[in-house]
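Here's the structure, in structure tokens; my notes come after.
Residue numbers (this note's numbering): 293 to 539.
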């Protein structure tokens, strides 16, 4: 299918000595060049030859997709651990969090795409031995050799899928770890601020406004002054959090 995130769609084959029928419900990008390839080589015009060409096209397309995933993961790894990562950490926590969420979504999309390619390779790995065994009378020596080569290619791609899956899991863990570190840094600052405020709060709760020589008692606008302080005590932390990028 076209696009970055292909959808699963069934693909069926009915093979005879001279005819190959394909059953598809959606356009498949791997089939775009199959007709042109068969027209250039008349020896592949029969049913078995056409089947081999289609299977080769599917495997080649899967390899291209996996190569693209590998390139994306390299870019994401550089974004997380590269030389520019230290400068990126100097941004506001809110901006840094948005960037980490974007990286997390990219890692997830690549993981989903790799999983779909893995399912495709699993189906083809089961199909090739079946074709080789049941279509043996129709297959020439060259076609049987191509089927064996396809099987080796699929085995190699499966190994590469395992490598990509491990790398995706590593990047996922690293991204979540960086998110937790940023959150812990914010909580640490808030904890320090709250601990600093505990002793004054304790003293105020013991003595309060229990002294006779408090100047504010004689102020004409003492009550309004107190309300203003209460409002400022709520507004100033909000402004500070916004400025620091914590909210």
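Where is the CB? At the ideal position from N, CA and C, for every residue including glycine.
By a beta-carbon distance limit of 8 Å, residue 427 contacts residue 307. Their separation comes to about 6 Å.
Taken through DSSP and simplified to helix, strand or coil, residue 301 comes out as coil.
Here residue 467 is buried: its Cβ has 16 or more other Cβ atoms, across all protein chains shown, within 10 Å.
Here residue 307 carries a strand assignment [DSSP, helix/strand/coil]. For residue 431, there is no enclosing alpha helix (DSSP H), as DSSP marks it with neither H nor E. The criterion of a C-beta distance shorter than 8 Å is not satisfied by residue 344 and residue 372. Distances from the alpha-carbon of residue 322 to those of 340, 339, 309, 301 put 301 closest. When the Cα atoms are used, residue 347 and residue 442 turn out to be separated by approximately 8 Å. Residue 498 and residue 524 have their alpha carbons spaced roughly 24 Å apart.
Annotated as proximal: residue 365 and residue 459, with beta-carbon spacing under 8 Å.
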